[in-house]
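Going by the UniProt record's numbering, the sequence shown opens with residue 1, and the numbers climb by one from there. A virtual CB, placed ideally from N, CA and C, is assigned to each residue, including glycine. Values in this document were obtained by computation on a predicted structure and should not be read as measured data. Below: the structure, in structure tokens.
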Amino acid sequence: MGRGRAKAKQTKVARELKYSSPTMDLDALQKEIGSGTAVADTDEEYDEYAERYSKYAPDEDDDRR
1 MGRGRAKAKQ TKVARELKYS SPTMDLDALQ KEIGSGTAVA DTDEEYDEYA ERYSKYAPDE
61 DDDRR
């Protein structure tokens with residue numbers, strides 16, 4: 001006994017989350033995350049990592065998969 005009020009509150013909150021569509025402030029989110037602008041990976045960065053870690057990649061003719 002006594003759980004009815006808590007369960008009703010949880011049900012109310014769950015319905016609000018399910019059926020509401022909150023507005024999203026992307027600028028505030030970006031500030032909170034701490035990034036000024038999104039930076040895409042360049043081909044040069046990819047090539048640098050590909051060279052560095054290529055010795056760990058399996059050979060294409062390696063059949064041990």
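Counting only the Cα atoms, Glu-60 lies some 48 Å from Thr-23. Gly-4 and Glu-45 have their C-alpha atoms some 57 Å from each other.
Counted as a single uninterrupted DSSP element, the alpha helix (DSSP H) harbouring Arg-15 occupies residues 4 to 19. Pairing Glu-48 with Pro-58, the inter-Cα distance amounts to about 18 Å.
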